[in-house]
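Undergrad:
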Amino acid sequence: MNCQLTFKDDTYFSVDSPLVGEHQVRNIAMVVEATKQLQSILPVSKTDITDGIIKVRQNSGLQGRIQLVKSNPPIVMDVGHNVACLTMLTNTLQAAYPEQKWNIVFGVMEDKNYREMLSILAPICNTMFVGTANNPRALPSQAIYDIARSLNINSIDAIRIHDAVVIAVQSNQPVLIVGSFYIAEEAADTLLNMGIVV
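Quick note, the working numbering runs 883 ahead of the 1-based positions in the sequence shown.
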């Protein structure tokens, strides 16, 4: 899952970005425009720009932004932890994978708007595997499970994020891992132990 971007300057140039979604396209466009505005004091070539975009994860350590971890079946990881993030995520997934339902690994911090987050995920969810993040601020998985069930989301309380990831991946169906940076970090460790490099 990459995003093809084309910019019009004196000439057109294109680049494949590992960052996807309308919001990332806007972010990249702003960076390109900023480099054009700063050319007189900070010259940057088109090659530098395209290399920077292509290597953004490698250069910045930016992980878990609608990141395709595995392609068949797809495993997508996103650090989204609020309503706006999950709205952009679901819009992007629905555009890239129309009609696809996902096995979702979900955990969240208790200070977030988790009911609305679950409502946003519901239309793309096949089964939700909930777990408690290894963080004192984490909402217990039982609470997530109860709310998900009240929203008619098919859910399984896996107790821990590690177990939620293992069960979801072993289903051999599309998997979405989402809810917070803490969830993504735990999931990345679990995936690595399963031989899936993030």
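A virtual CB, placed ideally from N, CA and C, is assigned to each residue, including glycine. All of these numbers come straight from a predicted model, not from anything done at the bench.
Determine the DSSP secondary structure at P956, reduced to helix, strand or coil.
TA: Correct three-state label for P956: coil.
Undergrad: Using DSSP bridges, identify the partner residues of F1012.
TA: V988 and I1039
Undergrad: In the DSSP assignment, find the beta strand (DSSP E) that holds L1059 and state where it starts and stops.
TA: V1058 to V1061
Undergrad: Since I937 and T975 should fall inside the 8 Å C-beta cutoff, what is the C-beta to C-beta distance between them, to a whole number of angstroms?
TA: Rounded, the Cβ-Cβ distance is 19 Å, inconsistent with contact.
Undergrad: Could you tell me which of A1005, Y1065, Q983 and Y980 sits nearest to S1033, measuring between CA atoms?
TA: A1005
Undergrad: Which residue wins for smallest C-alpha separation from P957, given the options A967, I1066 and A979?
TA: A979
Undergrad: Mind checking S943: buried by the 16 CB within 10 Å criterion, or exposed?
TA: exposed
Undergrad: Return helix, strand or coil for L945, following the three-state DSSP convention.
TA: coil
Undergrad: Using 8 Å as the threshold, is the stretch 1048-1068 in touch with the stretch 910-926, meaning 3 or more CB pairs across them?
TA: No, they do not touch.
Undergrad: Is the number of C-beta pairs between the stretch 1057-1070 and the stretch 978-993 that are closer than 8 Å three or more?
TA: Between the stretch 1057-1070 and the stretch 978-993, the count of Cβ pairs shorter than 8 Å is three or higher; the stretches touch.
Undergrad: Report all residues from its chain with a CB closer than 7 Å to the CB of S1063; omit the five preceding and five following residues, and keep chain order.
TA: Non-local beta-carbon contacts of S1063 in its own chain, meaning distances under 7 Å to residues more than five positions away in sequence, involve V962, H964, G990, V991, M992 and A1016 in chain order.
Undergrad: Can you list, in chain order, the residues of its chain whose CB lies under 8 Å from that of E905, leaving out five sequence neighbours each side?
TA: Sequence-distant Cβ neighbours of E905 in its own chain, meaning closer than 8 Å and more than five residues away, are M971, N974 and T975.
Undergrad: Below 8 Å on the Cβ atoms is my contact criterion, and I expect V952 with V1081 to pass it. Report the Cβ-Cβ distance as a whole number of Å.
TA: The pair is a contact, with the Cβ atoms about 5 Å apart (cut-off 8 Å).
Undergrad: Considering only the beta carbon of each residue, do I1030 and Y1065 sit closer than 9 Å?
TA: no
Undergrad: Are the beta-carbon atoms of A1041 and F1012 separated by less than 9 Å?
TA: yes
Undergrad: Classify M960 as buried or exposed, calling it buried when 16 or more other Cβ atoms lie within 10 Å of its own Cβ.
TA: buried
Undergrad: Note down, one range per segment and in chain order, each alpha helix (DSSP H) of at least 4 residues found wholly within the stretch 892-942.
TA: 905-920 and 929-937
Undergrad: Report the rounded CA-to-CA distance for P1023 versus G947, giving the unit in angstroms.
TA: 22 Å
Undergrad: Determine the direct distance from the alpha carbon of T930 to that of G1014, and round the result to whole angstroms.
TA: In a straight line, the C-alpha of G1014 is about 44 Å away from that of T930.
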